[in-house]
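Engineer: Sequential numbering from 20 applies to the sequence shown in the working numbering. Using N, Cα and C, we set each Cβ at its ideal position, and we do this for glycine too. Got a structure for you, written out below as structure tokens; questions coming shortly.
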Amino acid sequence: MSTIGENIKMYREQRKMSQQELALKVRVGTATIQKYESGEQIPDTQTILKLCTALDVPASELMEREMYTSSGVDPEIEHLVKEVGVKRAKLILRKAKEFSEEDFLRVMQMLYEIKYGKDA
């Protein structure tokens, strides 16, 4: 199963980029990149966008997890659909596919702020 940290490392290495080079492009410290890649820390939305630009990869791919059931569907997705219901899941997905990557990440940030407050 891939985490965002494993994906950051994989794409960075595919581009033959050092952690220091990526840190400079994203404007964070090398230690921060190390924490992302090890899973100790998860980047915020703005940093994910910067990482995507620096690594030339869509956010959806950077955040993708590789784990599927025999039906070809990620088990977490199956669980979430069961939790929210098929009708709501379809509505959310239909709307989500109309958004650009940047719009989608902005919406996710807004939802996070609504749930946890703007200072979180």
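Output needed for Val126: all residues of its chain with C-beta closer than 7 Å, excluding positions within five of it in sequence on either side, in chain order.
Structural biologist: In the sequence shown, residue 126 corresponds to position 107, counting from 1. Contacts found: Phe118.
Engineer: Can Arg140 and Leu74 be called in contact, C-beta distance under 8 Å?
Structural biologist: In the structure displayed, the chain extends from 20 to 139; residue 140 sits before or after that span and is not available.
Engineer: In angstroms, rounded to a whole number, what distance separates the CA positions of Glu83 and Leu130?
Structural biologist: By 1-based counting over the sequence shown, the position of residue 83 is 64. By 1-based counting over the sequence shown, the position of residue 130 is 111. The alpha-carbon atoms of Glu83 and Leu130 are separated by roughly 20 Å.
Engineer: Does DSSP classify Ser37 as helix, strand or coil?
Structural biologist: Here residue 37 corresponds to residue number 18 of the sequence shown, with the count starting at 1. Three-state DSSP puts Ser37 in coil, outside helix and strand.
Engineer: Can you tell which of Gln33, Gly136, Glu97 and Cys71 has its C-alpha closest to the C-alpha of Lys44?
Structural biologist: Counting from 1 along the sequence shown, the entry for residue 44 is found at position 25. Of Gln33, Gly136, Glu97 and Cys71, the residue nearest in Cα terms is Cys71.
Engineer: Considering Ser119, what are the terminal residues of the alpha helix (DSSP H) in which it resides?
Structural biologist: Along the sequence shown, one-based indexing puts residue 119 at 100. Run containing Ser119: none; DSSP gives neither H nor E here.
Engineer: Got a sec, what are the start and stop residues for the alpha helix (DSSP H) Pro94 sits in?
Structural biologist: As a first step, residue 94 must be located in the sequence shown, where it is residue number 75. Element bounds for Pro94: Pro94 to Val103.
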